[in-house]
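Heads up: the protein sequence lines correspond to chains A and B, in order.
In terms of the working numbering, the first sequence opens at residue 514 and continues consecutively.
In terms of the working numbering, the second sequence opens at residue 254 and continues consecutively.
Below: the structure, in structure tokens.
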Amino acid sequence: QKEVEQNSGPLSVPEGAIASLNCTYSDRGSQSFFWYRQYSGKSPELIMFIYSNGDKEDGRFTAQLNKASQYVSLLIRDSQPSDSATYLCAVNRGQGGFKTIFGAGTRLFVKA
Amino acid sequence: EAGVAQSPRYKIIEKRQSVAFWCNPISGHATLYWYQQILGQGPKLLIQFQNNGVVDDSQLPKDRFSAERLKGVDSTLKIQPAKLEDSAVYLCASRAREQYFGPGTRLTVT
């Protein structure tokens, strides 16, 4: 079992729809959770982080965390073609929460 | 605030040659990471520094890879000798609470 698992996709949604990206993790001691967006040929860009159970909203993005189910998700409302990218889920664990484990990423395509 | 700086951005070498990458983290960030990202995969941690001490180098191929972080600021990652399978993007990241990446160095080994 991988420590951080994501569906590789591609996930295809029409413009204006809600894109839902999911991530599960294996270590119950994981402390903080991140979503990065990575365009082709570019480095990962931090778009959301969440530390507590529940929802966190920032503009069109909502991160959802359920520690009991070891599940974190990212919702993108009103998806735009410019949202087409690979979305990486990352989890901090270990003493002090300093070890970061990345998932392999989900490719998202938003069709105009 | 300046971001994480890396150089060079691209490097092409032949197998068995050596190569070095440089990283300057965001000012004040004590934690620095080097990752290897192969096409289609997520970043894989090679080494993590806290100030100038190594926190985790469990996935660093120590027979050919080395890294140092002098004075707890800049860091260099070296590969000697390079293999074909080392072709990847090498990402440096630094962290205060959240982690931020530099632009990466794309290495091609022929």
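Note that the Cβ used here is the ideal one computed from N, Cα and C, for glycine as well.
In this text the structure is predicted, and so the values were computed from the model without any measurement.
Within a Cβ cutoff of 6 Å, which residues of the same chain sit near residue i, ignoring the five residues on either side of it in sequence?
{"i": "Tyr263 (chain B)", "result": "Arg359"}
{"i": "Ser533 (chain A)", "result": "Leu588"}
{"i": "Leu313 (chain B)", "result": "Leu299, Ile300"}
{"i": "Phe318 (chain B)", "result": "Ile332"}
{"i": "Ser626 (chain A)", "result": "Missing from the structure shown is residue 626 (chain A); chain A here goes from 514 to 625 and no further."}
Measure the alpha-carbon distance for residue i versus residue j and round it to whole angstroms.
{"i": "Leu621 (chain A)", "j": "Arg550 (chain A)", "result": "10 Å"}
{"i": "Pro356 (chain B)", "j": "Val362 (chain B)", "result": "19 Å"}
{"i": "Tyr564 (chain A)", "j": "Val257 (chain B)", "result": "24 Å"}
{"i": "Asp540 (chain A)", "j": "Lys612 (chain A)", "result": "12 Å"}
{"i": "Gln301 (chain B)", "j": "Glu267 (chain B)", "result": "27 Å"}
{"i": "Thr538 (chain A)", "j": "Asn520 (chain A)", "result": "At residue 538 (chain A) the sequence reads Tyr, which differs from the Thr that was named. Answer to the nearest angstrom: the Cα atoms are 12 Å apart."}
{"i": "Thr619 (chain A)", "j": "Ala581 (chain A)", "result": "23 Å"}
{"i": "Ile560 (chain A)", "j": "Ile531 (chain A)", "result": "17 Å"}
{"i": "Ala617 (chain A)", "j": "Phe546 (chain A)", "result": "15 Å"}
{"i": "Ala590 (chain A)", "j": "Asn566 (chain A)", "result": "Note that residue 590 (chain A) corresponds to Arg in the displayed sequence, not to Ala. For Arg590 (chain A) and Asn566 (chain A), the distance between alpha carbons rounds to 20 Å."}
{"i": "Ala576 (chain A)", "j": "Trp548 (chain A)", "result": "8 Å"}
{"i": "Ser597 (chain A)", "j": "Ser543 (chain A)", "result": "28 Å"}
{"i": "Ser586 (chain A)", "j": "Leu292 (chain B)", "result": "24 Å"}
{"i": "Ser553 (chain A)", "j": "Phe562 (chain A)", "result": "22 Å"}
{"i": "Ile265 (chain B)", "j": "Ser271 (chain B)", "result": "11 Å"}
{"i": "Pro334 (chain B)", "j": "Gly295 (chain B)", "result": "24 Å"}
{"i": "Gly522 (chain A)", "j": "Cys536 (chain A)", "result": "12 Å"}
Quick one: is residue i buried, meaning 16 or more other Cβ sit within 10 Å of its Cβ, or exposed?
{"i": "Ile336 (chain B)", "result": "In the sequence as presented, Ile is not what sits at residue 336 (chain B); that position holds Lys. With fewer than 16 Cβ atoms within 10 Å of its Cβ, Lys336 (chain B) is classed as exposed."}
{"i": "Asp568 (chain A)", "result": "exposed"}
{"i": "Val307 (chain B)", "result": "exposed"}
{"i": "Asp339 (chain B)", "result": "buried"}
{"i": "Ala255 (chain B)", "result": "exposed"}
{"i": "Gln352 (chain B)", "result": "buried"}
{"i": "Leu578 (chain A)", "result": "buried"}
{"i": "Ile614 (chain A)", "result": "buried"}
{"i": "Ala625 (chain A)", "result": "exposed"}
{"i": "Gln290 (chain B)", "result": "buried"}
{"i": "Arg269 (chain B)", "result": "exposed"}
{"i": "Pro557 (chain A)", "result": "buried"}
Sorted by chain position, which residues of the same chain lie with C-beta nearer than 7 Å to residue i's C-beta, five sequence neighbours on each side aside?
{"i": "Ser260 (chain B)", "result": "Trp275"}
{"i": "His282 (chain B)", "result": "Ser347, Arg348, Ala349"}
{"i": "Gln593 (chain A)", "result": "Glu528, Val623"}
From the DSSP output, which residues share a beta bridge with residue i?
{"i": "Ala576 (chain A)", "result": "A:Lys569, A:Leu587"}
{"i": "Gly312 (chain B)", "result": "Note on identity: in this sequence residue 312 (chain B) is Gln, with Gly being the wrong assignment. According to DSSP, Gln312 (chain B) bridges with nothing at all."}
{"i": "Ala346 (chain B)", "result": "B:Tyr286, B:Phe354"}
{"i": "Ser582 (chain A)", "result": "In the DSSP output, where bridge partners are listed per residue, Ser582 (chain A) has none listed."}
Once you ignore the five residues that flank residue i on each side, which residues in its own chain have a CB closer than 8 Å to its CB?
{"i": "Asp309 (chain B)", "result": "Leu298, Ile300, Gln301"}
{"i": "Val526 (chain A)", "result": "Ala532, Ser592, Leu621, Phe622, Val623, Lys624"}
Segment contact flag, the stretch 277-288 of chain B with the stretch 340-357 of chain B, C-beta cutoff 8 Å, min 3 pairs: yes
So, do the stretch 267-279 of chain B and the stretch 326-343 of chain B have three or more beta carbon pairs nearer to each other than 8 Å? Verdict: yes, contact present.
Validate contact between the stretch 591-609 of chain A and the stretch 314-328 of chain B using beta carbons, cut 8 Å, 3 pairs: no
Along the stretch 342-363 of chain B, what residues have a CB closer than 7 Å to any CB found in chain C? Judged by its chain identifiers, the structure shown contains no chain C, and its protein chains are A and B.
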